[in-house]
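Numbering (UniProt numbering), first residue to last: 1 to 106.
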């Protein structure tokens with residue numbers, strides 16, 4: 001897995017996951033998300049999953065937990081362009097569907 005972090009002109013922090021997001025990446029991903037929410041505190045945190053080939057269940061749970069943490073810190077979290085199967089896994093793990101967005105508008 002590779003993570004790219006950028007900031008958009010509107011202040012949104014974007015974390016782009018590329019490749020397989022496996023159990024061996026769990027600590028790095030969790031630390032990055034917690035740091036973003038607790039320390040950086042952008043108005044919006046966008047996790048771009050368009051280039052994520054797969055995400056293991058540990059990291060799906062981490063994404064779900066990030067939503068709860070972000071709510072406490074008043075950071076809006078969105079997951080952009082997850083594959084349909086991943087979107088279903090995220091919803092099953094407790095990520096509200098309104099946080100799942102597609103750039104094609106569907």
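Ideal Cβ placement from N, Cα and C applies to all residues, glycine included.
It should be emphasised that the depicted structure is a prediction, and the values quoted were computed from it without experimental measurement.
Is it buried or exposed, residue 75, if we count other Cβ atoms within 10 angstroms and call 16 or more buried?
The residue labelled residue 75 in the question sits at position 75 within the chain shown. Counting Cβ neighbours within 10 Å, residue 75 comes out buried, since at least 16 surround it.
With burial defined as no fewer than 16 other Cβ atoms inside 10 Å of the residue's Cβ, what is the status of residue 52: buried or exposed?
Position 52 of the chain shown, counted from the first residue, corresponds to residue 52. Buried, because 16 or more other Cβ atoms sit within 10 Å of the Cβ of residue 52.
Taking its Cβ as the centre, do 16 or more other Cβ atoms sit within 10 Å of residue 28, making it buried, or is it exposed?
Taking the chain shown and counting its residues from 1, one reaches residue 28 at position 28. Exposed, because fewer than 16 other Cβ atoms sit within 10 Å of the Cβ of residue 28.
Identify whether residue 19 lies in helix, strand or coil by the three-state DSSP scheme.
Along the chain shown, one-based indexing puts residue 19 at 19. In the structure shown, residue 19 sits in a strand (DSSP, three-state: E or B).
List the endpoints of the continuous alpha helix (DSSP H) containing residue 62.
Taking the first residue of the chain shown as position 1, residue 62 is located at position 62. 57–72 is the extent of the alpha helix (DSSP H) around residue 62.
Please list, in chain order, all residues of the same chain as residue 22 whose beta carbon is under 6 Å from its beta carbon, the five residues on each side excluded.
Position 22 of the chain shown holds residue 22. Counting only Cβ-Cβ distances below 6 Å, and skipping sequence neighbours, we find 56.
State the DSSP-derived secondary structure class of residue 3, mapped to helix, strand or coil.
As a position in the chain shown, residue 3 is number 3, starting the count at 1. The answer is strand: DSSP assigns residue 3 an E or B state.
Suppose you measure from the CA of residue 90 to the CA of residue 70; what does that come to, to the nearest Å?
Along the chain shown, one-based indexing puts residue 90 at 90. Along the chain shown, one-based indexing puts residue 70 at 70. Taking the straight line from one Cα to the other gives about 16 Å.
Taking the alpha carbon of residue 10 as the point to measure from, which residue in 46, 37, 1 has its own alpha carbon closest?
Indexing the chain shown from 1 puts residue 10 at position 10. Ranking the options by Cα distance to residue 10, first place goes to 46.
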